[in-house]
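Chemist:
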Amino acid sequence: MKNNSNILVIALIIVAVISRLIPHPFNFTPIAGIALLSGSYIQNKAGKFFIPVLIMMISDVLLNYFVYSESALNFGFNFGVYISLILIVLIGNKIPSSRKVVSIGVASLSASILFFLITNFESWLVIPNLYIKDFSGLMTAYTAGIPFFGNTILGDMFYSFTLFGIMHLVLKSKKQITFAK
Numbered sequence: 029m030k031n032n033s034n035i036l037v038i039a040l041i042i043v044a045v046i047s048r049l050i051p052h053p054f055n056f057t058p059i060a061g062i063a064l065l066s067g068s069y070i071q072n073k074a075g076k077f078f079i080p081v082l083i084m085m086i087s088d089v090l091l092n093y094f095v096y097s098e099s100a101l102n103f104g105f106n107f108g109v110y111i112s113l114i115l116i117v118l119i120g121n122k123i124p125s126s127r128k129v130v131s132i133g134v135a136s137l138s139a140s141i142l143f144f145l146i147t148n149f150e151s152w153l154v155i156p157n158l159y160i161k162d163f164s165g166l167m168t169a170y171t172a173g174i175p176f177f178g179n180t181i182l183g184d185m186f187y188s189f190t191l192f193g194i195m196h197l198v199l200k201s202k203k204q205i206t207f208a209k
């Protein structure tokens, strides 16, 4: 990918992460869209993982410090989010280069399911005394996450289609400008 496209992807990721600072419904976030876009467009193998994780960490520090009034470096419970982010980058890497709407939709839904499974498993495993540490406790954790799952799907779809749509329109307009010269 050309350098200008990398800059555009990074700019879109930064704008999406900034949207986390704006009040929004629970779980209606740009996390999956960011990871899918990175996996699909960033060619540098390390960069496609490093860039979204670094930007997510920076936004977590800002949120923890300014919004939640916690220790700015409190990443403990977000471990599942970061694992999900990395795995969703891999899903984005599998989106065909044609980047058709169906491919993006399937990738986004897959990302939502993966995020749901990992983060609710983490809450079952990590939070002391919240859930019994057996199969029924795990099922209780997944059941407790269901009310948030709809917003996860909606947010993932919204941000995935928005980010990929903007990227498509910008790249398409750059090609038209190039051909017009």
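Mind the numbering: the sequence shown is residues 29 to 209 in my numbering, read in order.
Where is the CB? At the ideal position from N, CA and C, for every residue including glycine.
By the 10 Å Cβ neighbour count, where 16 or more other Cβ atoms means buried, how is M29 classified, buried or exposed?
Modeler: Any reading at M29 must be qualified, since the residue scores a pLDDT of 45, below 50, and its modelled position is unreliable; the value itself is stated next. By the neighbour-count rule (16 or more Cβ atoms within 10 Å), M29 is not buried but exposed.
Chemist: Please work out which residues of its chain come closer than 7 angstroms, Cβ to Cβ, to F207, disregarding the five sequence neighbours upstream and downstream, and give them in chain order.
Modeler: Caution is warranted here: a pLDDT of 49 is assigned to F207, below 50, making its placement in the model unreliable, and the coordinate value is therefore given only provisionally. Answer for F207: no residue qualifies.
Chemist: What do you reckon, are the CB atoms on T180 and F143 nearer than 8 angstroms?
Modeler: In contact: T180 and F143 (Cβ atoms closer than 8 angstroms).
Chemist: Can the beta-carbon of A60 be found less than 8 angstroms from the beta-carbon of S151?
Modeler: Contact: no.
Chemist: Specify the secondary structure class of I160 as computed by DSSP and reduced to three states.
Modeler: Coil, per DSSP.
Chemist: How would you write the range of the alpha helix (DSSP H) that L49 sits in, first residue to last?
Modeler: From DSSP, L49 is part of no alpha helix (DSSP H); its letter is neither H nor E.
Chemist: Smallest Cα separation from I116: which of V129, A74, T171, S138?
Modeler: For the residues V129, A74, T171, S138, the minimum Cα distance to I116 belongs to S138.
Chemist: With a 10 Å radius around its C-beta and 16 neighbouring C-beta atoms as the bar for buried, classify L40 as buried or exposed.
Modeler: It is buried - the Cβ of L40 has at least 16 other Cβ atoms within 10 Å.
Chemist: What did DSSP end up calling M29 once you bin it into helix, strand or coil?
Modeler: Because M29 sits at a pLDDT of 45, beneath the cut-off of 50, its placement in the model cannot be relied upon, and the following sentence gives the value as read from the coordinates. Here M29 sits in coil by DSSP.
Chemist: Looking at the secondary structure, which residues open and close the alpha helix (DSSP H) in which A73 lies?
Modeler: Note that residue 73 is Lys in the sequence shown here, rather than Ala. Start and end: 73-90.
Chemist: Sorted by chain position, which residues of the same chain lie with C-beta nearer than 8 angstroms to S70's C-beta, five sequence neighbours on each side aside?
Modeler: A small correction: the amino acid at residue 70 is Ile; Ser does not occupy that position in the sequence shown. Within the same chain, I70 has close Cβ partners M29, N34, V37, K76, I79.
Chemist: Could you have a look at P175 and say whether DSSP puts it in helix, strand or coil?
Modeler: Residue state, collapsed to three classes: helix.
Chemist: According to DSSP, is Y170 part of a helix, a strand, or is it coil?
Modeler: Helix, per DSSP.
Chemist: Compute the Euclidean distance between the alpha carbons of Y93 and M85, then round it to the nearest angstrom.
Modeler: Cα to Cα, the separation comes out at about 12 angstroms.
Chemist: Using the three-state DSSP reduction, which class does F189 fall into: helix, strand or coil?
Modeler: The answer is helix: DSSP assigns F189 an H, G or I state.
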